[in-house]
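Structure record follows, encoded as structure tokens.
Residue numbers (the working numbering): 56 to 451.
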């Protein structure tokens with residue numbers, strides 16, 4: 056009796072009676088109880104016959120178990136309808152237990168490739184693929200107030216790049232699009248009801264004119280927000296360009312020193328340690344152009360730290376004036392971009408919305424691609440990405 060209880064508990068067979076245990080094969084049956092006829096809805100306990108069904112069950116302690124379930128077929132005395140008793144061990148027309156299917160889906164919600172899941176659950180590769188393909192994630196019908204869009208290199212479905220739409224507030228993936236062609240993205244999004252698209256107030260993106268054009272057409276009421284990281288990266292790139300340009304004039308020793316210490320130039324001044332500030336002063340004293348570039352970089356960071364709209368405009372116009380005054384080519388080109396994206400940058404500062412969650416999704420996508428050695432089937436890739444992201448959110 057004690058052994059039977061352990062078997063029932065370990066294999067989650069509550070409600071079943073253990074008839075026989077032989078190694079990894081366990082024969083079970085349900086207790087006799089009244090059943091409702093599916094045809095005439097009358098109650099019956101009359102047994103017509105039995106059938107043994109082989110069921111593959113969840114591995115326990117790295118050991119797979121096969122369940123032989125002794126299924127009863129009942130017969131209704133009123134309409135002569137014959138039907139099998141219901142049980143929660145497996146679904147209709149399945150030979151794999153519900154618990155084993157749940158286990159496959161659990162591992163599919165983590166960063167495991169299909170072969171690893173098959174080995175863990177002791178199933179064939181094709182069976183795991185079929186279970187994963189049974190995941191159905193419908194296309195979005197309602198859009199949130201704030202959405203984010205970005206591209207990533209998926210190399211799937213015959214296209215090199217794909218796009219992802221996310222909800223950065225609720226931390227969910229809304230949709231994964233098969234490519235980054237403007238016509239395809241617009242066609243995919245424009246299929247949604249215009250009433251839903253009008254509800255979107257903000258769209259966060261990197262500084263892509265392509266995305267800006269598409270999203271303003273698809274979501275007429277939406278205001279574009281430039282991602283802070285991509286805005287600040289312009290200043291860092293300009294600073295790096297000037298450093299590389301200036302260090303070419305230096306001796307080999309000093310050039311190597313500047314290259315090794317480049318992060319001091321990129322780091323915010325107020326975050327530098329005392330010895331780093333001394334090092335910074337020495338580096339800037341060598342080149343007037345480098346010093347001017349550093350001032351412009353720090354002032355631009357101050358622009359992005361603005362607390363309100365008035366402060367933002369005061370700082371940005373001061374920065375633009377200094378850029379014109381110093382006349383550094385790389386910063387002049389940056390200023391042109393900043394003017395084109397002035398209002399999206401202002402909204403980024405005032406709202407605090409960023410593309411951080413979307414970039415995190417892209418990093419997870421890279422990990423999934425690497426462990427799976429690439430995924431050719433776009434539909435499977437899309438469903439897996441959304442399943443992983445949204446399962447993590449539901450679990451949290």
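From the three backbone atoms N, C-alpha and C, an ideal C-beta is built for every residue, glycine too. Given the structure is predicted, the values throughout are model-derived calculations rather than measurements.
If you check the CB distance, residue 399 and residue 281 come in under 8 Å. The three-state secondary structure of residue 351, taken from DSSP, is helix. Counting of Cβ neighbours within 10 angstroms places residue 396 among the buried residues, the total reaching 16 or more. Counting only the Cα atoms, residue 370 lies some 8 Å from residue 357.
In the structure shown, residue 411 adopts helical secondary structure according to DSSP, grouped into three states. Residue 215 sits in a strand when the DSSP states are folded into three classes.
In the displayed model, residue 400 falls within a helix according to three-state DSSP. Secondary structure of residue 232 (DSSP, three-state): strand. Under the DSSP assignment, residue 154 falls in the alpha helix (DSSP H) whose first and last residues are 153-163.
Distance from the CA atom of residue 112 to the CA atom of residue 66, rounded to whole angstroms, is 8 Å. DSSP, reduced to helix, strand and coil, places residue 90 within a strand of the structure shown. Taking 8 Å as the cut-off, the Cβ atoms of residue 392 and residue 260 do not count as close. Between residue 227 and residue 445, the C-beta gap is smaller than 8 Å, which places the two residues in contact.
Residue 179 counts as exposed, since fewer than 16 other beta carbons sit within 10 angstroms of its beta carbon.
Here residue 261 carries a coil assignment [DSSP, helix/strand/coil].
Sixteen is the threshold: when 16 or more other Cβ atoms of the shown chains lie within 10 Å of the Cβ of residue 345, as they do, the residue is buried. DSSP places residue 376 inside the alpha helix (DSSP H), whose first and last residues are 364-381.
Leaving aside the five residues that flank residue 136 on each side, the residues in its chain whose CB is nearer than 8 Å to its CB run, in chain order, 92, 93, 94, 95 and 130. Taking residue 355 as the centre and dropping the five residues before and after it, the same chain places the C-beta of 290 and 374 closer than 7 Å to its C-beta, in chain order. Taking a contact as a CB-CB distance under 8 Å, the pair residue 241 and residue 204 does not count as one, their CB atoms being some 12 Å apart.
Residue 330 and residue 234 have their alpha carbons spaced roughly 49 Å apart. Excluding the 5 residues flanking it on each side, residue 75 has same chain C-beta neighbours closer than 7 Å at 82, in chain order. Exclusion of the five residues before and after residue 140 leaves 85, 90, 126, 127 and 129 as the residues of its chain whose Cβ lies within less than 7 Å of its Cβ.
Scanning the segment 102-190 for uninterrupted alpha helix (DSSP H) segments of 4 residues or longer gives 153-163, 169-176 and 180-188, listed from N- to C-terminal end.
By the Cβ neighbour-count rule, residue 439 is buried, with 16 or more other Cβ atoms within 10 Å of its own. Under the three-pair Cβ rule at 8 Å, the segment 240-255 counts as touching the segment 186-199. In the assembly as shown, residue 209 is a buried residue. Its beta-carbon has 16 or more other beta-carbons within 10 Å. A direct Cα-Cα distance of roughly 14 Å separates residue 377 from residue 394.
Using a 10 angstroms sphere on the CB of residue 337, the tally of other CB atoms stays under 16, which defines it as exposed.
Residue 428 counts as exposed, since fewer than 16 other beta carbons sit within 10 angstroms of its beta carbon.
When the Cα atoms are used, residue 72 and residue 168 turn out to be separated by approximately 37 Å. C-alpha of residue 389 to C-alpha of residue 348: approximately 12 Å in a straight line. Going by C-alpha positions, residue 166 is about 23 Å away from residue 194. Counting along the chain, no alpha helix (DSSP H) covers residue 225, and no H or E run does either.
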